[in-house]
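Chains as they are written, first to last, in numbering that gives the first Met the number 0: chain R, 0 to 169; chain P, 0 to 330. The beta-carbon is built from N, C-alpha and C at its ideal position, and this holds for glycine as well. Beneath this line is the structure, given in structure tokens, with notes to follow.
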Amino acid sequence: MANSTPPPVQGPLARYTDITKERLATETIIYDHERHRVHCLNRVLAFVLEQCDGHTPVRLMAERLPDAMKLPPDQDIILLALRQLNRIHLLTGEVPELNSNTLPSRRELARRFAYVGGVMLPAVASIVAPTPAMAGSRDTHGGPENGDGNANGDGNGNGNGNGNRNGNGK
Amino acid sequence: MTISVRRLSRSTRPLILHLPEESCRRDWRSMPYGPIACRGNPIAFRRVSMTSDSVLCHGLRIGFRANREWPVDSVLPPEWRPIRSACVDFLYSFHFGGKGEFSAAFFGGEEIVRADSVSRVLSVAASHIEHTVAEHSRDFVFIHAGVISWHEQAILFPGRSRSGKSTLIRELLRCGAVYYSDEFAVVDAQGRVHPFARPLSLRLPSGTISVHPNQIGAETGSQGIPAAGVIFTEYAANGRWRPVFLPDGRVFLELMRNTIAIRSNPARCIQYVKSLMRPAIGMRSPRADAGTVAPSILRLFDEVTSEKDLNNGKLNAASGSGASCPVYGYY
């Protein structure tokens, strides 16, 4: 009789429920049905999300970076992406690697990889999906723009930017 | 179109309020009507007797009933036609009071407005119906944006109320554009934009006025057209028209921000908006006076269109249409 026990989780696992995903030319749009947020993931972040199948460790993801994204095989890039994905609730379960206190900041990475261009670092922009009244009146909503993937508006014009906005690599 | 009323006897049985879901399942025209208590005041609804008592508007069937004759088209959004439908998606009821009495409008079983002035009731009801259609339309996705047609391609101007959208649309019409809407871009599954051609609503210091496109010599569009561009622009006192291209993802997010039904049906909205964006480019710029910037916008799209013709498809946004449109970087 075949063993039906699933293999143990060895790497980060993406969330597959309550989201709608749509791929554009260079970006990926994700709608979070639970939180009514719309996220726009850049190419690198979308790539990392795709790798989060629960069986791919961070090290292996990093090794795939040169072929897939033409980026150096640096685990810090993956960790930065995972941190962003975790922050916008697109990962399930714990990611032990993110508990480390030595995680690099986006600024550090941008400096370190300046030669490949800041735009290649993982990035996400998010908005709060408006209610019909908010979208219709347009007088009372509009979260802030963000360049680091963790600033979210609450739909009432009050931004909750809880991350740095300094990571544009420029 | 006018709804007439058949007088019923005073012995009409008490009314059961009908919720929209109920009206979908039952023939709402045969539902009993009669006096109901509304915040302690009895209101009499009576059977609407004309056959054209329901309309089809952007794929939604809407039923109307009232206690006297009234012009139902005064509250309807553009692009509707009368139908004979036993079931409707939404039901509006109107009570028109006599002299010194209040009037009221109801959405299903819920009172949406009560006022002494009939015009106030109709105005609020019209706005409610417009938003109901925008949120629940089965065939279209509504985006809060002004829309014009230029060379049979749509240009969208999403933006906040009071950001100068209608004023800009008026100036573009004066330059020869065809009017589609100053409120909603109505997008179908193929990404074509359909007209929502209610009169332009212009805010003046003295109040809001309605201007029909004919009054400024503009034509009104009548069919769905593909989108050429999405422009995010807002009046600023010292604003200078310097458009920069936006990446697709950013345009997508900004359109989502203005999509009425994004919360109720995100998957469909995302699909429709993606179709809308396929042939379109997005750009952003502050602007000064609408009268001076309108010709620049149309000239820009002339250049964009010619470049698209050369490229046999979508414009490469990175190359833009010249130095005036550098790449917009947000990462």
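Whether residue i touches residue j by CB criterion (9 Å)
i        : j        : result
GLY284/P : ILE230/P : According to the sequence as given, residue 284/P is Ser; it is not Gly. Against a cut-off of 9 Å, the Cβ pair of ILE230/P and SER284/P comes out as a contact.
VAL37/R  : SER125/R : yes
ARG170/R : LEU97/R  : This structure gives no information on residue 170/R, because the portion of chain R shown stretches from 0 to 169.
VAL127/R : HIS35/R  : yes
PRO246/P : GLY190/P : no
SER165/P : LEU201/P : yes
ILE259/P : HIS143/P : yes
VAL57/R  : ILE87/R  : no
GLN83/R  : LEU44/R  : yes
PRO77/P  : HIS32/R  : no
GLY145/P : SER180/P : yes
PHE156/P : VAL186/P : no
Contact with chain P by residue i, beta-carbon distance below 9 Å
i        : result
ASP138/R : Only weak support exists for where ASP138/R lies, its pLDDT of 38 falling under 50; the value from the coordinates is given anyway. It does; some Cβ of chain P falls within 9 Å.
ALA80/R  : no
VAL37/R  : yes
ALA134/R : yes
LEU23/R  : yes
TYR114/R : no
ALA67/R  : no
ASN85/R  : no
PRO143/R : No answer about PRO143/R holds up, because its pLDDT of 36 lies below 50 and its placement is not dependable.
GLY10/R  : no
GLU26/R  : yes
HIS32/R  : yes
ASN41/R  : yes
Distance, residue j Cα to residue i Cα
i        : j        : result
LEU120/R : GLY53/R  : 22 Å
ARG111/R : MET276/P : 35 Å
PHE251/P : VAL292/P : 24 Å
ASP88/P  : ILE61/P  : 6 Å
ALA65/P  : TRP79/P  : 19 Å
ASP52/P  : LEU75/P  : 13 Å
PHE106/P : GLN152/P : 37 Å
ALA125/P : THR131/P : 10 Å
THR19/R  : THR101/R : 33 Å
CB contact below 9 Å: residue i versus chain R
i        : result
ALA289/P : no
PRO285/P : no
ASN257/P : yes
PHE89/P  : no
ASP247/P : yes
ARG262/P : yes
ILE269/P : yes
Contacting residues, own chain, Cβ-Cβ under 8 Å from residue i (five flanking each side not counted)
i        : result
GLU233/P : GLY158, ARG159, SER162, GLY163, PRO285 and ARG286
LEU297/P : TRP149, LEU171, CYS174, GLY175 and ALA176
Buried versus exposed call for residue i [16 or more other C-beta atoms within 10 Å across all chains shown]
i        : result
GLY206/P : exposed
GLU107/R : exposed
SER263/P : exposed
LEU167/P : buried
ASN257/P : buried
SER114/R : Note that residue 114/R is Tyr in the sequence shown here, rather than Ser. The residue in question, TYR114/R, is exposed, as its Cβ has fewer than 16 Cβ neighbours within 10 Å.
HIS211/P : exposed
Neighbourhood of residue i by C-beta distance below 7 Å, restricted to the same chain and skipping five residues each side
i        : result
ASP138/R : Reliability of the predicted coordinates at ASP138/R is poor, the pLDDT of 38 falling under 50, and the value obtained from them is presented with this limitation in mind. Nothing listed; no residue qualifies.
Own chain partners of residue i with C-beta closer than 6 Å, once the 5 adjacent residues on each side are dropped
i        : result
LEU64/R  : LEU70 and PRO72
MET255/P : ILE261
ARG217/P : The question names Arg, but residue 217/P is Ala in the sequence shown. Correct list, in chain order: LEU172 and TYR178.
GLU129/P : PRO76
ASP17/R  : HIS32 and GLU33
Near the ligand FAD: residue i beta-carbon under 8 Å from a heavy atom
i        : result
GLU151/P : The ligand FAD is absent from the structure shown, which contains no ligand whatsoever.
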